[in-house]
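S.K.: Let me begin by handing over the structure; questions about it come next.
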Amino acid sequence: MTDNTVTKDTVVKLAYSLTVDGEIIDMADEKEAIEFLQGHRNIISGLESQLNGMQVGESKWVTVAPEDGYGAVDEEAFDEVPLSEFPEDVTPEIDMELELKDAEGNDMYGRIVSIGEDSVTMDFNHPLAGKELHFEVKVVAVRPATADEIAHGHVHSHGHHH
Ligand code: ZN
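Residue numbers 12 to 173, in our numbering, belong to the letters of the sequence shown in order.
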């Protein structure tokens, strides 16, 4: 085990691209590489588990099944929203994404999937629910985490003080 290997409790800098349904939907090159604490679920489990043992400079493709990514599509997460609950200046359209409050006042993000006479059907699943995720990753840097970082479960870098 060297400092160049991704293991639990190392801080990893990772460049990646994310392809879903054949389209690149997110990417970070080496300059924009994300930094996270490995082994603390700072990233989705299906990706994290595939990084263990990778070396600095190594690249690979990782395929993550929906259940190890953003979950399966939950049929319960579809809901009818009465048109009367929409702000007057919003004209509902298919695929429109909206932020609504639930009964407890929490923010919920939903996407309109159909529009009826008095209500619309909204899908409150994560947009990547049910999707297979294809990551191309490259390990840019690895360092041991500090004791503080391990205790907090996240990376401390500039801009993060407490
Ligand atoms: Zn902290």
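Yeah, the Cβ is synthetic: ideal placement off N, Cα and C, and Gly gets one too.
Predicted model only: the values in this text are computed from it and were never measured.
When DSSP labels each residue in this structure, what does L29 get in the three-state scheme?
M.R.: Your numbering for residue 29 matches position 18 in the sequence shown. L29 falls in the strand class under three-state DSSP.
S.K.: At the level of alpha carbons, what is the spacing between V151 and W72?
M.R.: For the purposes of this step, residue 151 is taken as residue 140 along the sequence shown, with counting starting at 1. For the purposes of this step, residue 72 is taken as residue 61 along the sequence shown, with counting starting at 1. Taking the straight line joining both Cα atoms gives about 15 Å.
S.K.: Using DSSP with H/G/I as helix, E/B as strand and the rest coil, what is D134?
M.R.: Mapped onto the sequence shown, residue 134 falls at position 123. Three-state DSSP puts D134 in a strand.
S.K.: From H163 to P138, what distance separates their C-alpha atoms?
M.R.: Residue 163 sits at position 152 when you count from the first residue of the sequence shown. Residue 138 sits at position 127 when you count from the first residue of the sequence shown. Their backbone Cα atoms lie some 29 Å apart in a straight line.
S.K.: Whose C-beta lies closer than 6 Å to the C-beta of I55 among residues of the same chain, with five residues either side of it excluded?
M.R.: Residue 55 sits at position 44 when you count from the first residue of the sequence shown. Cβ neighbours of I55 beyond the five flanking positions: G80.
S.K.: Under the rule that 16 or more other beta-carbon atoms within 10 Å means buried, what is Q49, buried or exposed?
M.R.: What you label residue 49 is simply residue 38 of the sequence shown in a count that begins at 1. Buried, because 16 or more other Cβ atoms sit within 10 Å of the Cβ of Q49.
S.K.: Relative to the C-alpha of I126, which residue among V92, R52, H165, S60 is closest?
M.R.: Taking the sequence shown and counting its residues from 1, one reaches residue 126 at position 115. Out of V92, R52, H165, S60, V92 has the C-alpha closest to the C-alpha of I126.
S.K.: In this structure, does DSSP put K142 in helix, strand or coil?
M.R.: Translated into positions along the sequence shown, residue 142 becomes position 131. Reduced to three states, the DSSP call for K142 is coil.
S.K.: Please check the pair V75 and F146, which I expect to be a contact at CB under 8 Å, by giving their CB distance rounded to whole angstroms.
M.R.: For the purposes of this step, residue 75 is taken as residue 64 along the sequence shown, with counting starting at 1. For the purposes of this step, residue 146 is taken as residue 135 along the sequence shown, with counting starting at 1. Correct: roughly 7 Å between the Cβ atoms.
S.K.: Between the alpha carbons of I105 and L144, how many angstroms are there, rounded?
M.R.: Start at 1 with the first residue of the sequence shown, and residue 105 comes out as number 94. Start at 1 with the first residue of the sequence shown, and residue 144 comes out as number 133. Answer to the nearest angstrom: the Cα atoms are 25 Å apart.
S.K.: Looking at V23: is its Cβ nearer than 8 Å to the Cβ of L58?
M.R.: Working through the sequence shown from its first residue, we reach residue 23 at position 12. Working through the sequence shown from its first residue, we reach residue 58 at position 47. No, Cβ-Cβ distance for V23 and L58 is not below 8 Å.
S.K.: Can you list, in chain order, the residues of its chain whose CB lies under 6 Å from that of M38, leaving out five sequence neighbours each side?
M.R.: Mapped onto the sequence shown, residue 38 falls at position 27. So the qualifying residues of the chain are S28.
S.K.: When you measure from the CB of H137 to every non-hydrogen atom of ligand 1, does any distance come out below 7 Å?
M.R.: Residue mapping note: residue 137 aligns to position 126 of the sequence shown, counting from 1. Checking the Cβ of H137 against ligand 1 gives no.
S.K.: Can you give me the start and stop residues for the beta strand (DSSP E) that D37 sits inside?
M.R.: On the sequence shown, residue 37 is found 26 positions in, with the first residue counted as 1. Start and end: 34–39.
S.K.: How would you call L94, buried or exposed, if buried means at least 16 neighbouring beta carbons within 10 angstroms?
M.R.: Numbered from its first residue, the sequence shown carries residue 94 at position 83. Label assigned to L94: exposed.
S.K.: Have a look at the DSSP bridge pairing and note the partners of S125.
M.R.: On the sequence shown, residue 125 is found 114 positions in, with the first residue counted as 1. T132, per the DSSP bridge assignment.
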